[in-house]
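Here the sequence shown stands for residues 0 to 256, numbered as in numbering that gives the first Met the number 0. See below for the structure under consideration.
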Amino acid sequence: MNRRYRKTIIAGNWKMNNTLTQTKAFAEEIKPIMPRGKWCNVVLCVPATNIQAAVRLFKDCHIAIGAETCHYEEKGAYTGEITAAMIKDAGAKYVIIGHSERRQYYNETDFTVNKKVHAAIEAGLIPIVCVGESLEQRELGVTMELIAYQVKCALAGVAPEKVRHIVIAYEPLWAIGTGKTATAEQAGEVCQAIRTVIRKQYGAHVARSVTIQYGGSMNAKNAAELLAQPDVDGGLIGGASLKPEDFVQIIHAANQE
Ligand code: 13P
């Protein structure tokens with residue numbers, strides 16, 4: 000973390016979990032234990048059906064709400080999809096774009112990720128752009144090239160003053176939902192490489208303002224060590240964000256001096 004230049008953001012990604020009733024129960028559980036007046040920003044990215052209610056439920060405890068994906072068109076015949084403007088209108092502030100599960104199961108490509116980033120910015124949302132390598136790619140030694148490619152594609156055509164406010168999440172595929180976390184060194188190394196890519200494209204001023212998160216089996220136990228890396232500015236948390244106590248522990252880790 001480096002709070003001098005950029006925001007620390009702890010974001011939960013609920014994926015396809017939690018009904019409205021469960022969302023209400025989660026809010027009641029987290030409210031009394033939520034740390035206040037500290038440095039890190041907290042976000043929960045929730046299923047689309049919960050966005051509107053979540054905005055209201057989590058307002059008191061200063062948790063901003065995000066969506067888990069959006070479509071890149073402004074409107075049209077895309078059954079089942081929702082636009083960035085709809086998400087914004089429902090009160091959300093963030094949207095996850097290019098999560099590896101979307102890339103894997105819903106044919107999301109670097110090309111559509113780029114279009115979605117533009118759509119999100121246009122609608123006034125902050126995109127949380129996910130990048131990451133598979134185990135095979137890591138073993139082949141192409142992690143850095145691949146990540147640089149993904150970052151460049153995602154940000155292509157975005158103005159530097161907009162890039163400053165984007166969040167990038169480094170999520171190695173082999174660490175997602177596996178309980179196998181990247182070491183702090185591995186996470187730090189790739190997050191630093193992402194910042195270097197941004198620096199080369201957009202300059203030092205933009206690069207140092209971008210929040211770069213780590214995601215992949217981050218939990219109450221390993222959060223502090225990961226967040227101690229200078230280029231790891233937060234976390235994108237799946238499983239552990241479904242349990243209020245665990246999520247709060249991670250927020251505490253991000254609030255340490
Ligand atoms: P887990 O924390 O469950 O590994 O999920 C990480 C993730 O995919 C967050 O987007």
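Built from N, CA and C at the ideal position, the CB exists for glycine as well.
Relative to the ligand 13P, is the shortest distance from any of its heavy atoms to the C-beta of residue i smaller than 8 Å?
i, result
"M217", "yes"
"C69", "no"
"A91", "no"
"A206", "no"
"T182", "no"
"C129", "yes"
"T177", "yes"
"A239", "yes"
"G156", "no"
"L226", "no"
"S99", "yes"
"E244", "no"
"K14", "yes"
"E304", "Look at the range of the chain in this structure, 0 to 256, and you will see that residue 304 is not part of it."
"A174", "yes"
"I95", "yes"
"G75", "no"
"I193", "no"
"G214", "yes"
Nearest to residue i by CA position, among the options, is which residue?
i, options, result
"T48", "W13, A183 and V112", "W13"
"N16", "C44, P31, M0 and A10", "C44"
"I86", "A118, E100 and Y77", "A118"
"G187", "K161, T108, C69 and A227", "A227"
"N218", "G176, E100 and Y201", "G176"
"G202", "L172, P159 and Q185", "P159"
"E72", "V112, V247, Y148 and D245", "V112"
"N106", "V157, I120 and T68", "T68"
"G215", "Q255, P171 and K161", "P171"
"T18", "L241, P34 and Y213", "L241"
Less than 8 Å between the CB atoms is what I'm expecting for residue i and residue j, so what's the real figure, rounded?
i, j, result
"A181", "A174", "5 Å"
"I50", "A66", "6 Å"
"A10", "G233", "7 Å"
"C129", "I81", "Contact doesn't hold; Cβ gap of about 18 Å is too wide."
"L145", "A183", "About 21 Å; that fails the 8 Å criterion."
"Q200", "K151", "7 Å"
If you drop the 5 nearest sequence neighbours on each side, which residues of the same chain put their C-beta closer than 6 Å to that of residue i?
i, result
"C190", "Y169, I211, D230 and V231"
"A84", "A122"
"K6", "N40 and T210"
"H98", "C129"
For residue i, which residues of its own chain have a beta-carbon under 7 Å away from its beta-carbon, when the five flanking residues on both sides are left out?
i, result
"H164", "I125"
"A26", "L56 and F57"
Take residue i and list the residues in its own chain whose beta-carbon comes closer than 8 Å to its own, dropping the five residues that flank it on each side.
i, result
"T22", "V45, N49, A52, A53 and L56"
- Can at least three beta-carbon pairs, one atom from the segment 204-219 and one from the segment 187-195, be found at a separation below 8 Å? yes
- Item | Inter-stretch contact (C-beta, 8 Å, three-pair minimum) for the segment 29-38 and the segment 59-70 | yes
- Are the segment 76-96 and the segment 135-143 touching by the rule of at least three beta carbon pairs closer than 8 Å? Segments in contact, no.
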